[in-house]
Amino acid sequence: MNDTIRDCWKSFGQFASTFGGFQLFSFRLVPYLPSAVRRPWLVTEQIYAIGALSLVLIMFGGLFVGMVLALQSYSTLVEFGSADSVGAFASEALVRELGPVVAALLFAGRAGSSVASEVGLMRATEQIAALELMAVDPLERIVLPRFLAGAISVPLLAAIFSTMGILGAFLVGTVLLGIDSGVFWSQISSRVDFYPDVASGFIKSVIFGVSASLMAVYEGYYAQPNAAGISRAATRTVVITSVWILLLDFILTVVMLPEA
Amino acid sequence: MQSNSAISFSVGLFILLGLISALFLVVQTLDPGRSYSGDSFVVEARFDNIGDLKVRAPVALAGVTIGRVTKITVDLVEYRAVVQLTIDSAYDNLPLDTDAIIATSGLLGGKYVELTPGGDTELLVDHGEIMFTQSAIVLENLIGKFLLKGGSE
Numbered sequence: 001m002n003d004t005i006r007d008c009w010k011s012f013g014q015f016a017s018t019f020g021g022f023q024l025f026s027f028r029l030v031p032y033l034p035s036a037v038r039r040p041w042l043v044t045e046q047i048y049a050i051g052a053l054s055l056v057l058i059m060f061g062g063l064f065v066g067m068v069l070a071l072q073s074y075s076t077l078v079e080f081g082s083a084d085s086v087g088a089f090a091s092e093a094l095v096r097e098l099g100p101v102v103a104a105l106l107f108a109g110r111a112g113s114s115v116a117s118e119v120g121l122m123r124a125t126e127q128i129a130a131l132e133l134m135a136v137d138p139l140e141r142i143v144l145p146r147f148l149a150g151a152i153s154v155p156l157l158a159a160i161f162s163t164m165g166i167l168g169a170f171l172v173g174t175v176l177l178g179i180d181s182g183v184f185w186s187q188i189s190s191r192v193d194f195y196p197d198v199a200s201g202f203i204k205s206v207i208f209g210v211s212a213s214l215m216a217v218y219e220g221y222y223a224q225p226n227a228a229g230i231s232r233a234a235t236r237t238v239v240i241t242s243v244w245i246l247l248l249d250f251i252l253t254v255v256m257l258p259e260a
Numbered sequence: 001m002q003s004n005s006a007i008s009f010s011v012g013l014f015i016l017l018g019l020i021s022a023l024f025l026v027v028q029t030l031d032p033g034r035s036y037s038g039d040s041f042v043v044e045a046r047f048d049n050i051g052d053l054k055v056r057a058p059v060a061l062a063g064v065t066i067g068r069v070t071k072i073t074v075d076l077v078e079y080r081a082v083v084q085l086t087i088d089s090a091y092d093n094l095p096l097d098t099d100a101i102i103a104t105s106g107l108l109g110g111k112y113v114e115l116t117p118g119g120d121t122e123l124l125v126d127h128g129e130i131m132f133t134q135s136a137i138v139l140e141n142l143i144g145k146f147l148l149k150g151g152s153e
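Heads up: the protein sequence lines correspond to chains A and B, in order. Okay, so the first sequence: first residue is 1 according to the numbering used here, each after it adds one. Okay, so the second sequence: first residue is 1 according to the numbering used here, each after it adds one.
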């Protein structure tokens, strides 16, 4: 009994110190933000590695999520005689929820893990120590460009995901389900609004992008400098980011839900 | 690692695609008939019961949307709902005895205000009032009446 309490206390302590370390790390990055303007090429390179290379995965994912959404919602909506609003249903779900959340989850799996293991390997092979010896700040040179690239990429990826999803729903809706294409688009424009639907999706994707990329660089930067540590850093990035994004999404949805 | 120009090209393409997608989402969700920025006029209509009519519900003439409901208040003297209708000024030759009905689109659809023009030669003016109105049909009341009637027979 005593041991259980001690173990709980110990793991709580570990959690608290990781959480606190993460906050301190985030604050330490803030003063470096202006330096990214001086070296835009470092960020561009990372946007290529993190964002542009995730594009195919995101587009593919969005297209098929949209297609499935259209099929699934059709089977329910047709019972109420409102099969025409398949497009409005699918695009509202995509723009508000699935776009930001699934894009961020795919980003964590595709880019977050690779950033964590890349930075972790730099730590293990003492490249970070070498940079410090040359009086180059690794936070400025290594961490900041990766963080910024992630924070810029995720909102763009979420927008692309939602757009591809709506196109996928359009394909399934008009070709497979026989919904009139004009009705499809007019339902979307009358039921989905810029505020709160698109705006809340955008705010969510910005918040997810910042937190997902912060966690990836944090896990990589403080990885145990050995093979097991790097693999643990990559795993922890995906797991913690996914849980955090799903939890945060619930909180943000509750906060931003319209009062209608 | 690829050459710098290839990286620049893909990054540019990626950001461009992202911005186009964002623009697509914004444009798709804009309702063309939503806002009448400059050219519109306002009339009021008083109803005994507006059902669940909401602000921004359409105002239709012969089924064509010509405006929006812009404000709903309660008149505490008459205890009636005051609905402000903003109508595109392209449709400013409505007769004075036009009547306003709160109708439902489809069985379960949203409420909207349907205008039916009368035969008066005088026209509705800006900040005028529609005199003839018919309240929303509340489905529950109808069912209640029907049940009551069925019970008494």
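We put the beta carbon where it would ideally sit given N, CA and C, even for glycine.
Item: CB of Ala90/A within 8 Å of CB of Ile166/A, strictly; Value: yes
Item: Proximity winner among Glu114/B, Ser21/B, Gly144/B and Leu124/B, relative to Ile50/B (alpha-carbon distances); Value: Glu114/B
Item: Any non-hydrogen atom of the ligand ZN closer than 7 Å to Leu131/A Cβ; Value: In the structure shown, the ligand ZN is absent, as is every other ligand, since no ligand is present at all.
Item: Beta-carbon proximity of Phe161/A to Ala108/A, cut-off 8 Å; Value: no
Item: Beta-ladder partner(s) of Val74/B, from DSSP; Value: Ala81/B
Item: For Asp99/B, the residue or residues it bridges with in DSSP; Value: Thr116/B and Phe132/B
Item: contact_flag[the stretch 39–54 of chain B, the stretch 69–83 of chain B] where n(CB pairs < 8 Å) is 3 or more; Value: yes
Item: Endpoints, the alpha helix (DSSP H) within which Ala158/A is located; Value: Leu144 to Leu171
Item: Coil, strand or helix - Arg6/A by DSSP; Value: helix
Item: C-beta atoms of Val86/A and Ala70/A nearer than 8 Å; Value: yes
Item: Validate contact between the stretch 177–197 of chain A and the stretch 119–137 of chain A using beta carbons, cut 8 Å, 3 pairs; Value: no
Item: Host alpha helix (DSSP H) of Ser205/A (start-end); Value: Ala199 to Tyr221
Item: For Leu69/A, the first and last residue of its enclosing alpha helix (DSSP H); Value: Leu55 to Leu77
Item: Buried or exposed (CB count within 10 angstroms, at least 16 for buried), Thr44/A; Value: buried
Item: CB contact check: Ile50/B to chain A, cutoff 8 Å; Value: no
Item: Partner residues on chain A for Ala22/B, Cβ-Cβ distance less than 7 Å; Value: Ala159
Item: Residue of Thr133/B, Leu147/B and Phe132/B minimising C-alpha distance to Leu139/B; Value: Leu147/B
Item: Any chain A beta carbon closer than 8 Å to Gly18/B; Value: yes
Item: Inter-residue Cα distance where the pair is Ser231/A and Leu214/A; Value: 18 Å
Item: Range of the contiguous beta strand (DSSP E) that encloses Ser40/B; Value: Ser40 to Phe47
Item: Minimum Cβ-Cβ distance from Leu25/B to chain A less than 8 Å; Value: yes
Item: 8 Å Cβ cutoff met for Leu177/A and Ala88/A; Value: no
Item: Per-residue contacts from Ser45/A into chain B (C-beta, under 8 Å); Value: The question names Ser, but residue 45/A is Glu in the sequence shown. Neighbours of Glu45/A on chain B, chain order: Ile7.
Item: Boundaries of the alpha helix (DSSP H) in which Leu17/B is found, first to last residue; Value: Asn4 to Thr29
Item: Range of the contiguous beta strand (DSSP E) that encloses Leu61/B; Value: Pro58 to Leu61
Item: Chain-order list of residues whose beta-carbon lies under 6 Å from that of Ser117/A (same chain, five-residue window excluded); Value: Ile230 and Ala234
Item: Range covered by the alpha helix (DSSP H) that runs through Arg39/A; Value: Premise fails: Arg39/A is in no alpha helix (DSSP H) and is neither H nor E.
Item: Check whether Ala228/A and Gly150/A have beta carbons under 8 Å apart; Value: no
Item: Segment contact flag, the stretch 89–104 of chain B with the stretch 6–13 of chain B, C-beta cutoff 8 Å, min 3 pairs; Value: no
Item: Presumed contact (8 Å Cβ cut-off) between Ile87/B and Ala136/B, rounded CB distance; Value: That belief does not hold up - the Cβ atoms of Ile87/B and Ala136/B are roughly 20 Å apart, past 8 Å.
Item: Any chain B beta carbon closer than 8 Å to Phe12/A; Value: no
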